[in-house]
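Here my numbering is used: the first residue of the sequence shown is 92, the next is one more, and so on. Where a beta carbon is used, it is the ideal one built from N, C-alpha and C, also for glycine.
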Amino acid sequence: MSGEFTLWNGMTFNFETIMQAHENAIRAMVYSHNGDWLLSGDHEGVIKFWQPNFNNVNILPAHREVVRDLAFSPNDTKFVSASDDGTLKVWNFHSASEETTLTGHGWDVKCCDWHPTLGLLASGSKDNLVKLWDPRVGAATKCLTTLHGFKNTVTKTQFQPTGGQMLLASTSRDSTARVFDLRMMRDLVVLRGHDSDVSALAWHPVHPSLMSTGTHDGTISHFLLDTTLPENTNGLEPVSQVPNAHDWPIWCLQYHPMGHILCSGSNDKMTRFWCRARPGDELAFKDRYYNKEESTSMPPRPNNVQPQPTSTNSAALLEQHRTQAANAVPTTAIPGLSSWTGQ
Numbered sequence: 092m093s094g095e096f097t098l099w100n101g102m103t104f105n106f107e108t109i110m111q112a113h114e115n116a117i118r119a120m121v122y123s124h125n126g127d128w129l130l131s132g133d134h135e136g137v138i139k140f141w142q143p144n145f146n147n148v149n150i151l152p153a154h155r156e157v158v159r160d161l162a163f164s165p166n167d168t169k170f171v172s173a174s175d176d177g178t179l180k181v182w183n184f185h186s187a188s189e190e191t192t193l194t195g196h197g198w199d200v201k202c203c204d205w206h207p208t209l210g211l212l213a214s215g216s217k218d219n220l221v222k223l224w225d226p227r228v229g230a231a232t233k234c235l236t237t238l239h240g241f242k243n244t245v246t247k248t249q250f251q252p253t254g255g256q257m258l259l260a261s262t263s264r265d266s267t268a269r270v271f272d273l274r275m276m277r278d279l280v281v282l283r284g285h286d287s288d289v290s291a292l293a294w295h296p297v298h299p300s301l302m303s304t305g306t307h308d309g310t311i312s313h314f315l316l317d318t319t320l321p322e323n324t325n326g327l328e329p330v331s332q333v334p335n336a337h338d339w340p341i342w343c344l345q346y347h348p349m350g351h352i353l354c355s356g357s358n359d360k361m362t363r364f365w366c367r368a369r370p371g372d373e374l375a376f377k378d379r380y381y382n383k384e385e386s387t388s389m390p391p392r393p394n395n396v397q398p399q400p401t402s403t404n405s406a407a408l409l410e411q412h413r414t415q416a417a418n419a420v421p422t423t424a425i426p427g428l429s430s431w432t433g434q
C-alpha cells in the first residue's frame, strides 16, 4: 500500500534496493521479455516506465481507475493494460500513445495477458467472463469470443508460456480454475480441490503440463494437466498442496525462469521462496507449512512475535533426523518439483 519497490537478490534472498516508486499502492508490475524495461501501474490509474536501474523515464495517466494488470506483446513494442474502469487499452510502448480501447466487459477488468507468440489478448472481469480479443488497430471484430464457465469474479488469466502454447488458464473466486483449449474452443480441465477463492496462478516455465495456484486461505496447490482422468469427467484434483503457505490470501505466484524456485506474495506482507527438498530429506514435510491441522490447532500468532523453540533438545533431535535422512531413498511426484519445502 506504500507504493514502494523492493529489489530482491535471487541468491541470498536479501533485498538490495528499496525505493518510493508511486504515491499510492502499486497494483500491477511486469518486465518486458528482453528484460530492459519494467512497467508498474498504481491505484490511481497511472503507469510508470522504468529502466533496470529503477530510473523512471515516463509517467502515463492511463486509466480513470485502478490499473489491475499489465502485459507486453511478444516483441515488446506494445503492451496492454486492464483497469477497474471496465476497459483494456493497447499502447505503443515507444511513443507511450494509446492505439485502441477494448470495451465489452460489464464490470471491472481484473486481469489480462498477451499470447507469447500470437496477436491475441485474454482478459478476465468481475462480470465472471473471460474474453479473447484481437489487438490490431482497425480490426473488424475486437472481441473474438467470450467464455462463460465461471460463477464469480475472474482473478487471473494466463496463456501457456511453453509447449504447444495453445492453452489458457484462468482462476476465479468461485474456488475453481479452468484450462481452456484454444484449438477445441472448450474447457480442457477444471482444477478443483480449493477450499476458498483462487487468487493466483503460475505456469511452470519448463514443464508445460505443470501449473500452480494460490488461494485466499493461503494454500498453494500444484496440478499436472496430463493426469489421466476418469471417463466423462474433467475435474482435476491437485497432486500436491502446501496448506499453510501463508497466513493471508496469496496475491501472486511466479516461477524462476529455470523453474527451480517458486516465489509467492501474500497479504500477510511476506514474500516466500519455495524449492524442492534435498533428496532423502525426511524433514522436508515436517514443518508447519505442510501441517493441515495448523490452522485449527494453533491460534494465529500476533504481529511481530516470533515463534519460540518448543524443546531444549532441538539441536539433538535435528541431528538425529539428519542421520536418518542420509539413509532414506528419495521419491519423486512432480517433474522438476518433486518434493517441496518452504525456505
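Item, Value
"Give the C-beta separation of V171 and P207 to the nearest angstrom, bearing in mind that I take them to be a contact with Cβ-Cβ under 8 Å.", "Not really, about 13 Å apart at Cβ, beyond 8 Å."
"Could you please give me the residues that DSSP links to V137 through a beta bridge?", "P152"
"Whether or not the region 239-257 and the region 290-306 are in contact is what I'm after, with contact meaning three or more pairs of Cβ atoms, one per stretch, closer than 8 Å; do they touch?", "yes"
"By the 10 Å Cβ neighbour count, where 16 or more other Cβ atoms means buried, how is A291 classified, buried or exposed?", "buried"
"Could you pull out every residue in the same chain whose Cβ sits closer than 7 Å to the Cβ of V157, ignoring the five residues on either side in sequence?", "R118, H134, G136, S174 and D175"
"In angstroms, rounded to a whole number, what distance separates the CA positions of L209 and D372?", "43 Å"
"Who does E322 pair with in a DSSP beta bridge?", "In DSSP, E322 forms no bridge with anything."
"Here's a check: name, in chain order, each residue in its chain whose Cβ is nearer than 8 Å to the Cβ of T168, leaving out the five neighbours to either side.", "N183, F184 and H185"
"Tell me the start and end of each unbroken beta strand (DSSP E) in the region 144-189 that is at least 3 residues and wholly inside, in chain order.", "147-152, 158-163, 169-174 and 179-183"
"Should H196 go down as buried or exposed, given a rule of 16 or more other Cβ atoms within 10 Å for buried?", "buried"
"Distance, Cα to Cα, S188 vs I150?", "12 Å"
"Straight-line CA distance for I341 to D288?", "10 Å"
"Please give me, in chain order, every unbroken run of the alpha helix (DSSP H) with length at least 4 that falls completely inside the region 215-247.", "none"
"Hey, out of C366, T194 and W339, whose CA is closest to M349's CA?", "C366"
"Considering S261, what are the terminal residues of the beta strand (DSSP E) in which it resides?", "L258 to S263"
"Under the DSSP definition of a beta bridge, which residues are partnered with E95?", "Q111"
"Roughly how many angstroms separate the alpha carbons of A336 and N144, rounded to a whole number?", "31 Å"
"Buried or exposed for G101, please, with buried defined as at least 16 other CB atoms from any protein chain shown within 10 angstroms of its CB.", "exposed"
"Could you compute how far the alpha carbon of N125 sits from the alpha carbon of F163?", "10 Å"
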